[in-house]
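In this note's numbering, the protein residues as written are 22 to 472. A short worksheet on the structure shown next.
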C-alpha cells in the first residue's frame with residue numbers, strides 16, 4: 022500500500038504493442054507509485070515484481086502482461102511488426118498459430134501480441150461447378166439467390182400517417198443458421214425446379230477477419246512483437262524473426278510475410294529528418310542575409326556536425342539510445358551552436374573591415390581571441406544549467422532528460438571545436454578566395470598577351 026499512490030482501471034481497452042485493443046475481453050490497470058519523481062522511478066521495478074508474483078496465482082485470464090514504464094522507456098522502440106498479407110480467399114486463421122510458435126523461439130522476444138478477436142467464425146459455400154452446370158445454372162446465379170437470403174431487399178415505399186415508410190423483404194436468420202439448415206435452402210433453376218443447395222456444393226466453416234485491412238491491394242493483418250531493447254537491437258530482433266519465419270513461408274507459399282520496425286517509429290524518424298532539413302535551410306537563409314555571403318553560412322553551419330558528434334559519442338559512452346527526445350535536443354542544439362559560430366565569424370569580418378590593409382591571418386587571430394572569453398562564459402553558464410538537469414542533480418528531469426542530455430553534451434563538444442575549427446575554416450576559405458583571384462588574374466593576363 023505504501024508503494025502505490027493511486028490506480029486507474031480502464032475496462033474495454035488494453036495496449037498491444039503499438040496498437041490499442043478494444044472490446045469486452047480487455048482491461049488495463051495503471052498503478053502510479055507514491056513519492057517524488059525519483060522515488061517513483063525507484064519503485065517501478067518493485068511494483069512490477071510484486072504484481073507479477075501475485076498475478077501468477079490468478080486464474081481465468083487468457084493473458085496477463087505487466088510492464089513498468091520509466092522515464093526513459095518508450096513503447097514504440099520495443100516493437101517489431103510482422104505483416105501477413107494475401108488474396109481475398111485466403112484464411113488467415115490457418116497461419117497465425119504457426120507464426121506465434123515460430124517467433125516464440127527467437128531470443129530476447131518478451132511478448133507476442135495477436136488480437137485473437139480479429140477473427141470470427143464464418144460459413145462459406147463452396148460450389149460444385151460441375152453440378153451447377155448440370156442444373157443449367159451458373160455460380161453468379163447461385164450467389165445472387167443466396168444473397169437474397171441474407172440481405173434485405175426494398176420492395177416498396179408507402180405513406181403511413183404522413184410519413185414515408187420503406188418496406189423490405191428478407192429471411193429471419195436468428196439464431197444463426199447451421200450448415201445443416203443452410204443445406205436445405207433451394208435455388209430455382211431456369212426450368213423452374215427448386216434445387217437443394219446440398220446438390221450444388223457444401224458449406225464449410227472458416228475464420229475470417231472481422232475488420233478487413235488492405236496494404237498494397239492485399240488483405241493483411243499485423244502481429245506486434247515486443248523485445249528487450251537493453252539486450253538486443255531492433256535489427257538483430259528483426260533478423261531473428263526473419264530466420265524463424267522461413268519454415269512458415271515454405272509451408273504457406275501463398276502468403277506474403279514482411280518484418281519491419283513499428284510504423285510509428287519509422288514515421289517519427291522520417292518526421293525528424295524532414296524537420297532537420299527544413300531547419301538547416303532556414304538557418305542557411307538567415308545566415309546568408311546576415312553575413313551577406315553565400316560561402317560563410319556554410320562555415321557557420323559546420324558547427325552543427327560538431328555538436329552531433331558530441332551527442333553520439335556521449336550517448337554511446339553512457340549506453341543510451343538515440344531516441345526521439347534526443348533528436349529534439351539536437352534540433353535545439355543547432356540554434357545554440359550556430360549562434361556561437363555566427364558571433365565568431367561576424368567578429369572576424371568586422372576586424373577585416375576595420376583594417377582592410379591588414380592580413381587575413383591577423384584578422385582571424387584578433388577576432389577569435391577577442392570573442393574567446395565571451396563564448397566560453399556563455400557556454401559555461403548554459404552547461405551549468407543543463408548538465409545537472411541531465412544527470413538528475415537536485416531533481417529528476419523526467420521525460421525531457423534525453424533532450425537536455427543531448428543539448429548539454431552537444432554544446433560542450435561544439436563550443437570547443439567552434440573556438441578552434443571555425444577560425445581555421447574562415448582562414449582556409451580566404452586562402453581559396455585569394456588563390457581563385459590569383460588564378461583568374463593569371464588567365465586574364467595570358468589572354469591579353471595572346472591578343
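All residues carry an ideal CB built from backbone N, CA and C; glycine is no exception.
| query | result |
| --- | --- |
| Less than 8 Å separating the beta-carbons of residue 239 and residue 218? | no |
| Using the C-alpha atoms, what's the distance from residue 251 back to residue 107? | 34 Å |
| Residues in the same chain with beta-carbon distance under 7 Å from residue 394, minus the five sequence neighbours each way, listed in chain order, please. | none |
| Using CA coordinates, which residue listed in 126, 115 and 178 is at the minimum distance from residue 248? | 126 |
| Tell me which residue opens and which closes the beta strand (DSSP E) that residue 316 is part of. | Here residue 316 belongs to no beta strand (DSSP E), and DSSP marks it neither H nor E. |
| Using the DSSP secondary-structure output, state which residues sit across from residue 250 in a beta bridge. | According to DSSP, residue 250 bridges with nothing at all. |
| Out of curiosity, what's the CA-to-CA distance linking residue 122 and residue 223? | 32 Å |
| Per DSSP, what kind of secondary structure is residue 423 in: helix, strand or coil? | helix |
| Leaving out five residues before and five after residue 142 in sequence, what residues of the same chain have Cβ atoms less than 7 Å from its Cβ? | 226 and 228 |
| To the nearest angstrom, report how far apart residue 265 and residue 153 are at their CA atoms. | 44 Å |
| Kindly indicate which three-state DSSP category residue 86 falls into: helix, strand or coil? | coil |
| Excluding five sequence neighbours on each side, which residues of the same chain lie with their C-beta closer than 7 Å to the C-beta of residue 41? | 34 |
| Beta carbon of residue 209, beta carbon of residue 163: below 8 Å? | no |
| If you count every other CB in all the chains shown that lies within 10 Å of the CB of residue 430, and 16 or more means buried, which is it? | buried |
| Give the DSSP-derived three-state secondary structure of residue 146 in the structure shown. | strand |
| Helix, strand or coil for residue 225, going by three-state DSSP, please let me know. | strand |
| Would DSSP call residue 36 helix, strand or coil? | strand |
| Could you give the first and the last residue of the continuous beta strand (DSSP E) run that contains residue 281? | 277–282 |
| Assess contact between the region 352–359 and the region 300–315, defined as three or more Cβ pairs (one per stretch) separated by less than 8 Å. Is contact present? | yes |
| To the nearest angstrom, how far is the alpha carbon of residue 93 from that of residue 448? | Below a pLDDT of 50, predicted positions are generally treated as unreliable, and residue 93, at 37, falls in that range; the measurement from the model is reported next regardless. Approximately 44 Å, taken between the alpha carbons. |
| Is the beta carbon of residue 330 closer than 8 Å to that of residue 347? | no |
| Confirm, please, whether the CB-CB distance from residue 398 to residue 328 is below 8 Å. | no |
| Is there a Cβ of chain C sitting closer than 8 Å to that of residue 373, yes or no? | Looking for chain C here will not work: only one protein chain is present. |
| To the nearest angstrom, how far is it from the Cα of residue 181 to the Cα of residue 170? | 27 Å |
| In three-state DSSP terms, what is residue 30? | strand |
| Based on DSSP bridge pairs, tell me the residues matched to residue 107. | 240 |
| Any idea what DSSP makes of residue 214, helix, strand or coil? | coil |
| From what residue to what residue does the alpha helix (DSSP H) around residue 160 run? | 160–171 |
| Using DSSP with H/G/I as helix, E/B as strand and the rest coil, what is residue 305? | helix |
| As a quick exercise: from 409, 414 and 55, pick the residue whose alpha carbon is nearest that of residue 428. | 409 |
| Given that a residue counts as buried once 16 or more other Cβ atoms are within 10 Å of its Cβ, and exposed if not, what is residue 388? | buried |
| Buried or exposed, going by whether 16 or more other CB atoms sit within 10 Å of the CB of residue 392? | buried |
| Assign residue 42 to one of three DSSP states: helix, strand, or coil. | strand |
| Kindly indicate which three-state DSSP category residue 400 falls into: helix, strand or coil? | helix |
| Just the C-alpha distance for residue 221 and residue 255, rounded to the nearest angstrom, thanks. | 52 Å |
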